[in-house]
Every structure is written in C-alpha cells, then in structure tokens.
Amino acid sequence: MPPSTHNHNLLRPKFFPVVSAHVGSHHDPNYLHRRSMEDEMAVECYQAVPGLFVAVFDGHGGKLASTLLRQLLHRFFLSELLGEPTVVTPTHHSPSISENKPLRLPVTLPQPPSPPLLPPAPASQLRRSPSSVKHPLPFHQLDVCSAFTRSYAKMDAMLRVRNCTRVGATAVTCFIRTDPTLGTILTTANCGDSRAVLCRAAHPYRLSEDHRPVHDVERQRIQNAGGFVAWARVNGVLNVSRAFGDHCMKSVVVSTPSVSEVVLDDSDRFVVLACDGLWDFVSEKSVIQTASRCFDEGMNADEVARVLVKEAIHHNSTDNVSVMVVLFDHAHDEGGQ
Numbered sequence: 001m002p003p004s005t006h007n008h009n010l011l012r013p014k015f016f017p018v019v020s021a022h023v024g025s026h027h028d029p030n031y032l033h034r035r036s037m038e039d040e041m042a043v044e045c046y047q048a049v050p051g052l053f054v055a056v057f058d059g060h061g062g063k064l065a066s067t068l069l070r071q072l073l074h075r076f077f078l079s080e081l082l083g084e085p086t087v088v089t090p091t092h093h094s095p096s097i098s099e100n101k102p103l104r105l106p107v108t109l110p111q112p113p114s115p116p117l118l119p120p121a122p123a124s125q126l127r128r129s130p131s132s133v134k135h136p137l138p139f140h141q142l143d144v145c146s147a148f149t150r151s152y153a154k155m156d157a158m159l160r161v162r163n164c165t166r167v168g169a170t171a172v173t174c175f176i177r178t179d180p181t182l183g184t185i186l187t188t189a190n191c192g193d194s195r196a197v198l199c200r201a202a203h204p205y206r207l208s209e210d211h212r213p214v215h216d217v218e219r220q221r222i223q224n225a226g227g228f229v230a231w232a233r234v235n236g237v238l239n240v241s242r243a244f245g246d247h248c249m250k251s252v253v254v255s256t257p258s259v260s261e262v263v264l265d266d267s268d269r270f271v272v273l274a275c276d277g278l279w280d281f282v283s284e285k286s287v288i289q290t291a292s293r294c295f296d297e298g299m300n301a302d303e304v305a306r307v308l309v310k311e312a313i314h315h316n317s318t319d320n321v322s323v324m325v326v327l328f329d330h331a332h333d334e335g336g337q
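Each step along the sequence shown adds one to the number in the UniProt record's numbering, with nothing skipped, and position 16 is 16.
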C-alpha cells in the first residue's frame with residue numbers, strides 16, 4: 001500500500017462573511033481499494049462579484065482533468081459572471097493560477113459542437129423548493145445559471161487542448177450569493193454523479209442530478225448521438241454519461257451541466273457536496289441525519305466532513321472519498337443586516 005501524500009485537512013474550516021457560511025472538507029484516498037487519489041476540491045471567494053464558489057471534482061483515468069478543474073474552472077466561471085467571455089486557443093499555456101482573477105484568453109479555437117438538447121422533464125419530475133416557487137428570481141439573475149453552462153463548455157475545451165482524451169472528471173459546483181431583496185441564493189451545477197444535497201428542515205433536498213447511462217433520458221441521448229449502453233456503461237466503457245474530458249467519446253459523454261437555483265431560508269442548515277465514493281455507499285437521509293447530529297454536538301464543518309468520510313469507509317466504500325460541507329450561519333446573517 002503506497003504511503004499517503006495527501007493532506008487530509010485539505011481545507012481548514014473557514015468562515016466567509018460575504019455569504020455567512022462556514023466551509024470545511026475532508027478526503028480519504030481509500031488506498032485499500034484505490035492505487036491513487038484522483039479527487040480534487042476547490043473553494044474560492046470572489047471580490048469582483050461577491051459570492052462563494054465551492055466544488056468537488058471526481059477524476060477517472062488519472063487526475064489531470066480534476067487538477068485542471070480545480071485550478072481553472074472557478075476562473076472561467078468568474079469571467080462569465082463578469083461578462084468577459086473567453087475562448088481557449090491550441091497554443092495557450094496555462095496561466096498563473098495563484099491569483100483569483102478571470103481568464104482573458106485569445107479567441108481562435110472554435111467552440112465544441114453543442115450536445116443534443118434534452119427533452120423537458122415532466123412536471124412531476126421537477127424538483128422545486130418552496131422558496132424558489134414563492135420567490136421567482138429576477139430575469140437578470142438567470143445569468144448565473146448560464147454562466148455555469150458557458151464556463152463548463154469553455155473548461156471542457158481547455159481539457160481538449162490539454163489532451164484529456166481518455167482522462168476525465170465529474171463535477172458538482174455551487175455558487176452562493178446574497179441578494180438584497182431575496183436573501184441568500186444557492187445555484188448548483190453538475191455533470192456526472194458527484195452530488196450536492198441540502199439539509200432543508202432536517203430533510204435531504206437534492207440540488208444536483210446524477211447523469212448515468214442507465215437512466216432513460218441519458219440512454220436515449222447517447223443512442224441518438226450514435227453511442228450505446230452496455231453493462232451500464234457508455235459504449236461499454238464509462239459508468240457516467242456526462243463528464244469533463246473523455247474527448248475520445250465526447251460526442252456521447254457531454255459536459256453540459258444540470259443547473260438548479262434555490263433561495264435559502266432559515267430551515268436550510270447546510271449543504272453537502274461529495275463524490276460518489278460517499279453517495280453510493282451512504283444514503284442521503286443518513287448523511288443529513290449524521291451531519292445534523294454532529295453539528296448539534298458542537299462539531300465544526302471540517303469535523304463533520306471527516307465524520308462523513310469515515311462513515312463511507314465504514315460502509316465499505318471502494319472509491320476515493322471527498323466531502324465538502326457548507327454550514328449556513330443565519331444568526332450571523334441576521335445580525336449583520
């Protein structure tokens with residue numbers, strides 16, 4: 001078993017006043033079952049557009065894709081929020097990643113073709129929170145949703161430039177911001193099976209959507225694009241139907257995200273972002289109950305993330321396990337108003 005070279009306290013618990021939230025994380029390579037750690041996580045607090053970006057990336061075939069996602073996706077997203085669109089060039093060298101700035105790149109590389117549009121989901125399948133129904137968002141705020149979609153496409157173009165042909169990653173990303181009228185708004189985008197689950201009134205509320213080839217809509221999209229599903233895998237190879245990278249199968253394994261947006265209220269306590277190393281082995285209900293109990297006992301977000309990782313290992317997870325927890329401080333938010 002190789003020695004661990006990863007800092008298990010990847011992100012120290014930290015409070016972000018801009019959205020009145022505490023963020024903590026923990027991960028375990030799970031070397032009993034995995035030879036390497038391919039997960040990455042990111043936390044970025046923007047100044048130009050006040051808000052908090054958090055993400056979990058689950059790599060496969062290596063960690064090149066997940067590492068580049070950690071380094072660059074938040075900058076592509078910020079560029080889109082600021083209305084400064086970017087296009088990657090074949091001759092582009094990765095910019096310095098030490099500064100939290102938008103990317104400004106030359107415009108020469110054609111954009112990848114748009115994937116087939118998915119048919120609208122039946123009304124019975126749509127997950128709408130009470131808050132999002134009561135408080136429809138102003139039109140201009142929908143730019144956050146489209147910023148995620150555009151930045152995902154730009155990031156995937158970058159991975160094509162960096163030869164991520166048989167290397168890829170899933171992603172779950174959240175952007176938290178405060179609106180003076182509506183309050184705290186949480187926008188989530190994901191591709192693949194990494195997941196974000198909100199604790200709402202002590203119950204799990206899924207913010208993301210799993211993209212797997214066994215799902216009817218995804219299977220149909222894959223077949224329409226000329227692919228097939230065998231052994232619950234795209235073309236018999238990949239067990240997720242959407243991902244960054246994997247450009248040898250990009251016509252069928254798209255990076256187009258599912259995006260949701262909710263307005264938080266006092267019943268929304270925290271959100272858990274994690275890879276399938278957690279969700280495939282511990283139920284959403286159990287995750288929310290365990291985290292709630294830990295917070296009740298006085299643990300911080302980092303300690304709660306550690307408990308959830310250990311819970312996955314205890315339930316015989318065979319994958320890398322990475323967990324990020326965002327705890328909302330409504331009392332602090334009210335006191336600052």
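Every residue gets a Cβ at the ideal spot worked out from N, C-alpha and C, and that includes glycine.
Range of the contiguous beta strand (DSSP E) that encloses residue i
{"i": "Phe-328", "result": "321-328"}
{"i": "Tyr-46", "result": "39-46"}
{"i": "Glu-84", "result": "Unbroken run through Glu-84: none, as it is neither H nor E."}
{"i": "Asp-179", "result": "168-179"}
{"i": "Lys-250", "result": "Lys-250 -> no beta strand (DSSP E), and no H or E assigned at all."}
{"i": "His-211", "result": "Looking at the DSSP string, His-211 is not in any beta strand (DSSP E), and its letter there is neither H nor E."}
{"i": "Val-23", "result": "21-28"}
Classification of residue i by the beta-carbon crowding that lies within 10 angstroms, buried from 16 upward
{"i": "Thr-231", "result": "The amino acid at residue 231 is misidentified as Thr; the sequence shows Trp. Classification for Trp-231: exposed."}
{"i": "His-60", "result": "buried"}
{"i": "Glu-80", "result": "buried"}
{"i": "Glu-84", "result": "exposed"}
{"i": "Ser-20", "result": "buried"}
{"i": "Leu-327", "result": "buried"}
{"i": "Lys-250", "result": "buried"}
{"i": "Asp-179", "result": "exposed"}
{"i": "Ser-285", "result": "Note that residue 285 is Lys in the sequence shown, not Ser. Exposed: under 16 other Cβ atoms inside 10 Å."}
{"i": "Asp-216", "result": "exposed"}
{"i": "Asp-268", "result": "buried"}
{"i": "Ser-194", "result": "buried"}
{"i": "His-211", "result": "buried"}
{"i": "Ala-65", "result": "buried"}
{"i": "Val-144", "result": "buried"}
{"i": "Ser-317", "result": "buried"}
{"i": "Val-54", "result": "buried"}
{"i": "Arg-306", "result": "buried"}
{"i": "Ser-151", "result": "buried"}
{"i": "Asp-39", "result": "buried"}
Simplified DSSP assignment, three categories, for residue i
{"i": "Asn-163", "result": "coil"}
{"i": "Lys-63", "result": "coil"}
{"i": "Arg-206", "result": "strand"}
{"i": "Lys-285", "result": "helix"}
{"i": "Arg-35", "result": "coil"}
{"i": "Ala-230", "result": "strand"}
{"i": "Ala-201", "result": "coil"}
{"i": "Leu-68", "result": "helix"}
{"i": "Thr-188", "result": "strand"}
{"i": "Val-240", "result": "coil"}
{"i": "Pro-138", "result": "Here Pro-138 scores only 47 on pLDDT, less than 50, and its place in the model should not be relied on; the value that follows carries that caveat. Note: Pro-138 maps to coil in three-state DSSP."}
{"i": "Leu-73", "result": "helix"}
{"i": "Asp-58", "result": "strand"}
{"i": "Val-49", "result": "coil"}
{"i": "Val-271", "result": "strand"}
beta-carbon residue i near the ligand PLP non-hydrogen atom, thresh 8 Å
{"i": "Asp-329", "result": "Looking at this structure, you won't find the ligand PLP or any other ligand, since it has none at all."}
Where the alpha helix (DSSP H) containing residue i begins and where it ends
{"i": "Glu-261", "result": "Unbroken run through Glu-261 is the beta strand (DSSP E), 258-263; no alpha helix (DSSP H)."}
{"i": "Arg-221", "result": "216-224"}
{"i": "Val-309", "result": "301-314"}
{"i": "Leu-278", "result": "276-279"}
Anticipated Cβ contact below 8 Å, residue i with residue j, distance rounded
{"i": "Val-282", "j": "Cys-174", "result": "About 20 Å; that fails the 8 Å criterion."}
{"i": "Cys-199", "j": "Val-56", "result": "In fact, because the Cβ distance is near 17 Å, the residues do not count as touching under 8 Å."}
{"i": "Ser-26", "j": "Val-262", "result": "The question names Ser, yet the displayed sequence has His at residue 26. At roughly 25 Å, the Cβ-Cβ gap does not stay under 8 Å, so His-26 and Val-262 are not in contact."}
{"i": "Phe-15", "j": "Leu-52", "result": "Wrong, their Cβ atoms sit about 11 Å apart, outside the cutoff."}
{"i": "Leu-69", "j": "Ala-171", "result": "6 Å"}
Proximity test, Cβ basis, 9 Å: residue i and chain C
{"i": "Phe-77", "result": "Judged by its chain identifiers, the structure shown contains no chain C, having just a single protein chain."}
On the three-pair Cβ rule with 8 Å, is the stretch 205-219 touching the stretch 43-53? no
Evaluate the contact criterion for the stretch 214-230 versus the stretch 187-204: three or more CB pairs, one atom per stretch, below 8 Å. no
So does the stretch 148-157 actually touch the stretch 249-256, counting three or more Cβ pairs closer than 8 Å? yes
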